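Using the numbering used here, read the sequence shown as starting at 3 and increasing by one per residue. Notes follow the structure.
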Amino acid sequence: MELEKAHNWTDFDKLTTVPYNKDRQFVGIEYPGIVKNVDKALATLGGIENIEQVYAKANKRVDLHFQPGNLFCKPAFAERTTSTCLLMKVKRRRRKGEKSWENCQFKVEVLGSIETMYTFNSMADFQYLPIVKGSNGNMEQIHDKIVFNTFMDRNEFLDRDVPVFLPPVIFSRFDYPDKAYLYRDGVNHKPGYVNPDKDRPANLIGTVRERRKIFTVFMNFNDKIPQKPQEEVITNLRLKYNEPEREKELAQLFEERPVWSRLALNHNYTGKLDKLKYLLPMFAFYYLNGPWRCMWVKFGYDPRAHPEAKAYQVVDYRARQNSPADIVGVALKRSPNIIAFPAMKRKNASVAKIDLITPRQQTADSPSTSDQHEEPAHVYVPERLPPCRQMFYQMCDIKMNEIQSLVNTRTSTICTEKDGWCPKGTVERVRDIMTQRAMDILNRKGISVSHILRSKAKHKRKLADDNETDDLADEDYDDMDDLNIDAGEYDLADEQQVENDVSEMETEMLDCV
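Printed below as a string of structure tokens:
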């Protein structure tokens with residue numbers, strides 16, 4: 003075939019050379035429909051201004067409203083992806099008098115490249131439009147009756163007869179179907195598995211998952227204390243994890259101290275922490291409420307009958323609203339459950355976790371770094387803020403003379419469900435002292451509230467400007483330098499990583515399910 007120049011018309015069976023401008027770039031949108039009117043198509047996408055705002059932020063999605071003026075029309079969303087496409091302009095013509103396009107001529111132009119593409123791969127939410135059946139049997143649109151675009155008198159607003167139309171804000175939480183569930187093969191079970199649906203009544207909806215046994219003994223404050231675990235429980239747990247040396251170690255820990263928090267056990271236990279859930283039900287039960295709630299108590303030990311058990315009572319410390327925790331940004335124990343879209347996923351910050359190496363685990367030649375704390379995370383020391391917004395401290399783990407003198411000065415003669423062996427109001431007073439101590443730390447460092455808020459606002463602006471690179475590994479804690487805090491004396495950035503470790507109040511109940 004002959005080679006033709008780009009600016010000339012070319013027959014359909016000949017090659018042509020096309021110039022290409024690499025510096026000209028476009029943004030593409032794969033519109034899910036046949037566009038006959040460009041202005042109407044742009045209106046469904048919110049206009050060119052909305053598209054520009056979406057493109058300026060990498061974590062936003064283009065929304066397509068099939069009925070732009072209808073507030074109840076749920077949009078479809080387009081994901082932002084990278085592309086290596088070319089935008090081409092192709093014209094064709096035929097000679098006069100010919101009705102067929104077989105011998106037509108073409109003219110091709112490459113306008114530029116498309117590096118960013120928005121594709122509508124997800125499904126739109128269910129559409130429930132504001133229409134009702136009228137008196138004449140025809141469907142009527144009631145959008146203008148329930149949506150007011152102008153001001154009106156209050157009495158007129160309340161006296162109007164408006165049809166009842168209360169659809170939910172959103173019908174489905176997900177945009178993509180669960181293909182793994184729809185098309186996956188049959189589930190392979192262990193030998194001896196029995197489908198529980200066969201024995202269930204017909205009116206109950208069951209699952210094909212075999213019910214798991216719970217070996218942990220959960221106790222309320224007024225329940226009778228169990229003396230020992232059942233033999234069947236020990237047998238079943240040893241089938242999952244059988245390590246006599248670890249059992250001896252855990253038994254020795256409960257001999258030294260009959261009441262433990264999970265975080266304190268994690269610090270003193272030298273075995274694998276993920277296997278600890280199989281050993282704990284052999285030696286202790288779990289309190290659900292009372293002054294020892296969320297604690298593991300040795301079988302046969304009744305803290306309600308021993309006044310010295312006051313040292314093991316729980317102080318549920320929580321960062322109060324508008325407190326120093328809100329100001330400096332003390333982290334939550336659990337991250338918010340937010341569904342991140344592909345363009346919003348970020349890399350994890352490369353910040354070291356809190357060192358929880360125990361004296362038993364640390365060897366003589368272990369290097370000591372400035373990042374290691376003198377006290378573990380479950381111990382409260384007045385020189386630092388609590389690492390999380392909510393912490394369960396035991397009285398014996400609070401290293402503050404003022405609190406210890408307050409607790410040990412008086413002992414109640416009756417153990418109550420709220421205060422235990424402490425006099426009434428003691429636990430509240432301890433929490434007040436800890437909160438005041440947090441304020442003193444900030445005041446001693448010379449940190450003003452206005453300075454911190456300005457630094458936080460500056461940090462947010464940095465994140466907004468850096469969305470394109472999506473790399474926050476080194477920027478998450480840049481503004482801590484602005485607070486003039488000595489990293490060796492008060493390292494808040496490291497303390498905020500404690501939520502990544504197994505916490506004392508996270509899910510002890512779920513660990514044993």
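Even for Gly, the Cβ is constructed at its ideal location relative to N, Cα and C. Bear in mind the structure is a predicted one, so any value in this text is a computation, not a measurement.
I need the straight-line Cα distance from residue i to residue j, nearest angstrom please.
{"i": "Glu251", "j": "Pro169", "result": "59 Å"}
{"i": "Leu267", "j": "Met221", "result": "19 Å"}
{"i": "Asp442", "j": "Tyr314", "result": "27 Å"}
{"i": "Lys420", "j": "Gly427", "result": "9 Å"}
{"i": "Glu377", "j": "Leu241", "result": "36 Å"}
{"i": "Phe14", "j": "Glu54", "result": "38 Å"}
{"i": "Lys147", "j": "Asp163", "result": "9 Å"}
{"i": "Trp11", "j": "Ile50", "result": "34 Å"}
{"i": "Glu245", "j": "Arg446", "result": "49 Å"}
{"i": "Thr118", "j": "Leu17", "result": "29 Å"}
{"i": "Phe217", "j": "Val235", "result": "6 Å"}
{"i": "Asn410", "j": "Gln232", "result": "37 Å"}
{"i": "Pro388", "j": "Gln406", "result": "18 Å"}
{"i": "Gly29", "j": "Leu73", "result": "The sequence shown places Val at residue 29, rather than the Gly named in the question. Roughly 28 Å separates the two Cα atoms."}
{"i": "Lys230", "j": "Asn238", "result": "15 Å"}
{"i": "Asp155", "j": "Val149", "result": "15 Å"}
{"i": "Val299", "j": "Thr413", "result": "21 Å"}
{"i": "Tyr395", "j": "Pro425", "result": "18 Å"}
{"i": "Asn105", "j": "Lys91", "result": "20 Å"}
{"i": "Arg95", "j": "Arg26", "result": "27 Å"}
{"i": "Met393", "j": "Ala307", "result": "26 Å"}
{"i": "Ala60", "j": "His269", "result": "42 Å"}
{"i": "Asp41", "j": "Pro179", "result": "32 Å"}
{"i": "Ile400", "j": "Lys274", "result": "27 Å"}
{"i": "Leu131", "j": "Ala58", "result": "32 Å"}
{"i": "Glu258", "j": "Met297", "result": "15 Å"}
{"i": "Leu66", "j": "Asp161", "result": "36 Å"}
{"i": "His380", "j": "Arg386", "result": "12 Å"}
{"i": "Phe153", "j": "Phe176", "result": "37 Å"}
{"i": "Gln69", "j": "Pro165", "result": "21 Å"}
{"i": "Thr48", "j": "Gly71", "result": "Here residue 48 is Gly; the residue named in the question, Thr, does not match the sequence. C-alpha separation (whole angstroms): 11 Å."}
Who are the Cβ neighbours of residue i in its own chain at under 6 Å, not counting the five residues just before and after it?
{"i": "Gln62", "result": "According to the sequence provided, residue 62 is Lys. The question's Gln does not apply to it. Val56, listed in sequence order."}
{"i": "Arg439", "result": "Pro384"}
{"i": "Leu89", "result": "Phe28, Leu113, Gly114, Ile116"}
Less than 7 Å between C-beta atoms, sequence neighbours within five positions excluded: which residues of the same chain meet that for residue i?
{"i": "Arg295", "result": "Tyr289, Val316"}
{"i": "Lys135", "result": "Met141"}
{"i": "Cys398", "result": "Ala313, Tyr314"}
{"i": "Tyr22", "result": "Val112"}
{"i": "Glu491", "result": "Note that Glu491 has pLDDT 37, beneath the 50 cutoff, so the model's placement of it is unreliable and the number below is only indicative. Counting only Cβ-Cβ distances below 7 Å, and skipping sequence neighbours, we find nothing."}
{"i": "Ile435", "result": "Glu404, Ile405"}
Decide if residue i is buried, meaning its Cβ has at least 16 other Cβ atoms within 10 Å, or exposed.
{"i": "Gly292", "result": "buried"}
{"i": "Phe287", "result": "buried"}
{"i": "Met125", "result": "exposed"}
{"i": "Thr360", "result": "Legend: pLDDT at Thr360 = 43, less than 50; position of this residue unreliable, value from coordinates given subsequently. The residue in question, Thr360, is exposed, as its Cβ has fewer than 16 Cβ neighbours within 10 Å."}
{"i": "Pro555", "result": "For the chain, the structure presents residues 3 to 515; residue 555 sits outside this window and is missing."}
{"i": "Thr471", "result": "Confidence at Thr471 is low in this model, with a pLDDT of 45, below 50, so the placement of that residue should be treated as unreliable; the coordinate-derived value is given next. With fewer than 16 Cβ atoms within 10 Å of its Cβ, Thr471 is classed as exposed."}
{"i": "Glu249", "result": "buried"}
{"i": "Thr46", "result": "buried"}
{"i": "Ser102", "result": "exposed"}
{"i": "Val261", "result": "buried"}
{"i": "Cys87", "result": "exposed"}
{"i": "Arg97", "result": "exposed"}
{"i": "Ser137", "result": "exposed"}
{"i": "Tyr382", "result": "buried"}
{"i": "Val171", "result": "exposed"}
{"i": "Val64", "result": "buried"}
{"i": "Arg264", "result": "buried"}
{"i": "Val429", "result": "buried"}
{"i": "Arg82", "result": "buried"}
Assuming residue i and residue j are in contact, meaning their beta carbons sit under 8 Å apart, how far apart are those beta carbons, in whole angstroms?
{"i": "Trp423", "j": "Lys312", "result": "4 Å"}
{"i": "Tyr144", "j": "Phe122", "result": "Per the sequence shown, residue 144 should be read as Ile rather than Tyr. Actually they do not touch by this definition, with Cβ atoms about 29 Å apart."}
{"i": "Tyr120", "j": "Ala80", "result": "4 Å"}
{"i": "Asp304", "j": "Ile227", "result": "5 Å"}
{"i": "Tyr319", "j": "Arg433", "result": "6 Å"}
{"i": "Glu111", "j": "Val20", "result": "7 Å"}
{"i": "Tyr271", "j": "Leu255", "result": "7 Å"}
{"i": "Ala253", "j": "Phe285", "result": "6 Å"}
{"i": "Lys24", "j": "Ser115", "result": "7 Å"}
Can you name, in chain order, every residue of its own chain whose Cβ lies under 8 Å from the Cβ of residue i, other than the five neighbours on each side?
{"i": "Phe128", "result": "Lys76, Phe173, Ser174"}
{"i": "Ala43", "result": "Tyr33, Gly35, Val37"}
{"i": "Asn224", "result": "Glu419"}
Point to revise | Minimum length 3: unbroken beta strand (DSSP E) runs contained in the segment 108–147 | key: 133–135, 141–143
Point to revise | Inside the segment 230–266 only - alpha helix (DSSP H) runs reaching at least 4 residues | key: 233–242, 246–258
**Study point:** Every unbroken beta strand (DSSP E) inside the segment 382–421 [3 residues or more]
**Key:** 392–396
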